[in-house]
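Residue numbers (the working numbering), protein chains in the order written: chain C, 61 to 457; chain A, 161 to 446; chain F, 60 to 366.
Just so it is clear, CB atoms sit at the ideal spot from N, CA and C, and this is done for glycine as well.
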Amino acid sequence: MLNMRLAKRMWVGLGVLLLIGGVGVARQANAQAVVKIGQIEAQTGPTATYGWMSSQGAKLAVKEINDAGGFQVAGKPYKLELIQMDTRGEPREATVQFKKFMEDGVKFVFGPFLSNVFNSIEPIANLHNGKFLMFAGATAAHSLLGTPNHDYLLHTFNWDSGPSGFGTLMVAQLKKQGVKRVAMLFQNDAFGKVAADIYSKLFKDAGIELRIELFEPGTKDFSASLAKMAADKPDYLFPGYSDAVLYDIVRQATETGLFKKFFIVRGSIGPALKNKDAIDDYMAYVPKYFESAEKTEKATSKFIAEYKTFYKREFPYDQAPLCASSCYDHVYMLVNAMKAAESVDDVAKIKKALMSTPYDGLWKIKYDETGEVIFKFDLVQVKRGGAISVISIDPIK
Amino acid sequence: MSQLVIGQLLNGAIVGTLYAILALAVTLTFGITGIVNFALGAFMMMGGYLTWYAHDSLQMPYAIAVVAAVVAVGVVGLVTDLCLFRFTRNNLVNGLLVSIGLISIIEAGVLIVWTATPKDLAYVLPGVIEAAGISAPKIKLVVFALLLLVILGTYLALTRTWTGRAAFAYAQNSEAAALMGVNTAALESAVMVYSAMLAGLGGALYASLYSLEPTLGSAFILKAVEAAIMAGIGNAIGALAGGVILGITEGVGSIYLPIAFRDAYGLVFLVAILLVKPNGLFGGKS
Amino acid sequence: MNYKRLLAIAALLFPLMVHSESILAIGIYGLLAATLAVSFNLIFGFTGQLSLFHAAAFGISAYTTAILVTRFQWGFWTAILPAIALVAVLAAIVGTICFRFKLREFYFAVVTMAFAELARLIIMNWNDVTNGTLGMTLVAKPSLGGMAIDSSVAWYYLALGLLAVTYLVCAKVVSSWIGRCLEAIRLNDALGESLGINVFAYKLLVFVLGSVLAGLAGSLYGFYTGFIEPNYLSITHSLDIVAMVLLGGIGSLFGPIIGAFVLIALPHVIDLGAEIRIMLYGGILIFVILAMPGGITGIRSRSKHAA
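Now the structure itself:
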């Protein structure tokens, strides 16, 4: 009997200790001159592809800067500390993690990329407006830029619509090719909804008929949807975002001969190359086509080489384009901005410095007046047989 | 329109056999060891990843890669049985939760080794067969045939061989079976290993059809459980029927109703069946 | 009993001792999870029914309250009433279907799971009403006696109050003659039937009551987090609740509270790589199930005999 009681007490005590320990670890602010960057993304779970690449890129940038001795702001030396939190795509996790960031005095938050996570932490972020900056890739962030109480917000992923938007340009391209009807098959989730709204408008403005079907995320067999949509013979198929889904949709669409032309706004050209003899045209927005950039751009080949050395694995060419948002370049941009503003905690000044200085690293990036990022991107077209043509579009004039 | 329906009937049946092989694994496990092993979904996922690794990275021919993957998953099944499931015999809830914990470990392991980026096996048998205006990919037909063979083979083994009938007897009355000389512990472990191998085979064949991600197991195991329940737990042919029915219901349902609700069609069907036959379509005794 | 009283006092004083917002947040989530776990254990541990509908009850109530408040401008407290009434009705329907047809243990679990999934799919696709997969952002805050509940401390006490009410209600049921009938049902419901117990009625009662309590937690959770999405109703969350109960100890109403806090705090305490954390989570779950069948509190069954 005594043993049972003891065991019980031990467990309760252990639990309490763990909790306190966790608290202690979290609150131990590093007394060294350190600037903290908090990254809040989904590194695991079903939406992991979206947080994985930016976690990798940011880590690499921080390591490079620290290895070079850190940086100097207003005469004082600093190093960077990157705190990476895995939200697993769960709003509850994200709100607790974000609150912790705020308590620990983190002034620069990278992420989130996921719209549902963003929606859940936004009310809390508003309470801390003016004390930090958030570099959000989430599409849901776009409409809040420049609105009251959102001075902290910067949107770091290219916007589909808008005059320099890649979506607008790609739809115009389709129009030029004489396309009359497009079938859109997207995931039924937060981003799918947003995409459906954006592209309904873009296609309507261009006078192209758009038919939309949303599928349950996690679907692998699309034969029913594809057969249904092929019935009214659309010219192009506009399939869902992320390679996880594209490999399957493109394969299934082409093997039964239902579709031969594809319009892609979030995904790589991997699926096109794999099915190269079955497609006629595959038009994709790729933030950067790394395979060719590696040969023509110094910054890209340097990045790839360092990635391979540091992580000791193959370079993920198809995932790398996701490093356009809140990733490698943005760490460097932040450091430059702090230097220019001569401060590591006056966020208003730093934001001003960020927005007034374009950056040319892996990407050529500039912020517009609302805090929306504009960067140079690639439109990649793959034709039957695998011929690839890349058009680099620089909206920064 | 009728071509669409026939096409979906066929496709639904094929997808259904994937559900069915996992349902068979679920039903065997439940019948003999009294637990539902949700980790079978994770075993299926592992089977897929190992096949991909063997075929794409190690350059093994596909058939060999499949065999290697199935054996490897069988070994994992044995290890998890000896270390974990051995202690949860006939304890449904404990078995359930241990299997859920196991899923976390396996998924995390796969994430560490292969990361979240999707993996797509180099196409094994490209091309379609066309007949009467309906085209079916060759590899899908091959997978369909293979899975049918394995499921029917299992059924025959259960009803014709001594081991199989021993297993049957054990499921009906474990004490009597033990008295008749059946090595119950060995039988239980054997079933766990065999179920794992079935799941692994399902995954290995899945890899030739679809891209892989670490979480693919969870959706499949739920469908497999649905199929097993729909048919009535403990019935091998029932598992096949359940899987195929589920696959067809989803496919045909998606034609006439919104695709976004695809998962619901199977569920509604399941509940409806259970209301009429609470032990499942083929489940006889209580 | 002493340590229970000690913990209760600690719980009351907690927000006054701790000044970290994030720790208070963990505490509040812990309290809400504990409410879910306790109400679930009434159905599961005490009546022996493995229901996977709990997360759905939680989510349906959260959504109903949210919709009434944001679209129809109802007050929070008035909106809760139709929300839990809806949960009660739905639970009654699901329960009647399951119990009337005498579905056995695992079949019952799967059917409750099927209904939960259906609810989730409906909420996810009914865009006009629920905003579908985009979820709903809830800015309004409830107020109690003229004071708005928008500080973490206020929410903490509100959640603590809900847990207290849930615990007391469940404890009352369990210690009454109803409780003894439930125990009979849990051990062998056919036998219970033959003894004259209206098994159907008791199972239904407990199922509805537990689901309603879960619904209350849901409404609070929605407004505390400020954001709800259809994934709240997913089966994974129901399974998390089962894990909490087993971790804490299935034989008591107190065990689930411990289990809930441990599972909620755990991800924030393990500060390793994301994948390692998930592995550890699975490993701890397995360890507790296999090595400690009575959970952390060591209570396996209601009987007072030494285990």
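The CB of valine 288(A) comes closer than 9 Å to the CB of Glu315, Thr316 and Gly317 in chain C, given here in chain order. Excluding sequence positions up to five before and after glycine 194(A), its CB lies within less than 8 Å of the CB of Arg249, Asn250, Asn251, Leu252 and Gly255, all in the same chain and listed in chain order. By the criterion of a C-beta distance shorter than 6 Å, proline 347(C) is surrounded in its chain by Pro381, Ala384 and Phe437, once the five residues flanking it on both sides are discounted. A Cβ-Cβ distance of about 19 Å is found for the pair leucine 400(A) and valine 230(A), leaving them out of contact under the 8 Å criterion.
The alpha carbon of glycine 317(C) has as its nearest neighbour, out of Phe323(C), Ile309(C) and Gln157(C), the alpha carbon of Ile309(C). Comparing alpha carbon positions, the residue from Thr109(C), Ala102(C), Ile272(C) and Ile100(C) closest to arginine 326(C) is Thr109(C). Proximity of chain A to glycine 278(C) at the Cβ level (cut-off 9 Å) is accounted for by Thr375, Leu376, Ser378, Ala379 and Asp423, in chain order.
Contact annotation: aspartate 303(C) and aspartate 220(C) have beta-carbon atoms that are not nearer than 9 Å. Counting only runs of 3+ residues, the beta strand (DSSP E) found wholly inside the segment 303-361 of chain C occupies 321-324 and 341-346, in chain order.
Residues of the segment 98-126 of chain F that bring their beta carbon within less than 8 Å of a beta carbon in chain A comprise Leu109, in sequence order. Scanning Ala400(C), Val231(C), Phe282(C) and Val156(C) for the CA closest to the CA of glycine 413(A) turns up Phe282(C).
Beta-carbon to beta-carbon, phenylalanine 203(A) and valine 236(A) are separated by about 7 Å, close enough to satisfy the 8 Å threshold. Nearest neighbour of phenylalanine 158(F) by Cα position, chosen from Leu101(F), Ala260(F) and Phe131(F), turns out to be Ala260(F). Less than 9 Å divides the Cβ of isoleucine 389(A) from the Cβ of valine 169(F). Counting along the chain, methionine 220(A) sits inside no alpha helix (DSSP H), nor does DSSP assign it H or E at all. In the DSSP assignment, isoleucine 294(A) is bridged to Ala291(A). Close to alanine 250(C), with beta-carbon spacing below 9 Å, are these residues of chain F in chain order: Gly191, Thr192, Leu193, Gly194 and Glu288. Uninterrupted beta strand (DSSP E) stretches at least 3 residues long and entirely within the segment 202-244 of chain C occur at 213-215, given in chain order.
A distance below 6 Å between beta-carbons, with the five flanking residues on each side excluded, links isoleucine 324(C) to the following residues of its chain, in chain order: Ala344. Under the three-pair Cβ rule at 8 Å, the segment 206-220 of chain C counts as touching the segment 430-448 of chain C. If you check the CB distance, lysine 355(C) and isoleucine 339(C) do not come in under 9 Å.
Of the candidates Gly267(C), Arg373(C) and Val95(C), the residue whose Cα lies closest to the Cα of tyrosine 138(C) is Val95(C). For serine 311(F), there is no enclosing beta strand (DSSP E), since its DSSP letter is neither H nor E. With a cutoff of 9 Å on beta-carbon distance, glutamate 290(A) and isoleucine 192(A) are scored as not near each other. Phenylalanine 165(F) sits buried, since 16 or more C-beta atoms from the chains shown fall within 10 Å of its C-beta. In the DSSP assignment, the residues bridged to lysine 136(C) are Val133(C). Close to lysine 119(C), with beta-carbon spacing below 8 Å, lies no residue of chain F; the smallest spacing is near 11 Å. In the DSSP assignment, glutamine 99(C) falls outside any alpha helix (DSSP H) and lies within the beta strand (DSSP E) extending over 94-101. Excluding residues up to 5 positions away in sequence, Gly176, Tyr179, Lys383, Glu386, Ala387, Met390 and Gly426 lie with their Cβ nearer than 7 Å to the Cβ of leucine 406(A) in the same chain.
Non-local beta-carbon contacts of leucine 376(A) in its own chain, meaning distances under 6 Å to residues more than five positions away in sequence, involve Met205 in chain order.
Under the 10 Å beta carbon count, glutamine 219(A) is surrounded by fewer than 16 other beta carbons and is classified as exposed. Pairing alanine 96(F) with alanine 150(F), the inter-Cα distance amounts to about 17 Å. Contacts with chain C (Cβ-Cβ distance below 8 Å) from the segment 79-90 of chain F involve Ser79, Glu80, Ser81, Ile82, Ala84, Ile85 and Tyr88, listed in chain order. Contacts with chain C at 9 Å (Cβ-Cβ) do not include alanine 199(A). Under the 8 Å Cβ criterion, the segment 139-150 of chain C does not count as touching the segment 411-419 of chain C, having fewer than three qualifying pairs.
Within the segment 216-241 of chain F, not a single complete beta strand (DSSP E) segment reaches 3 residues in length.
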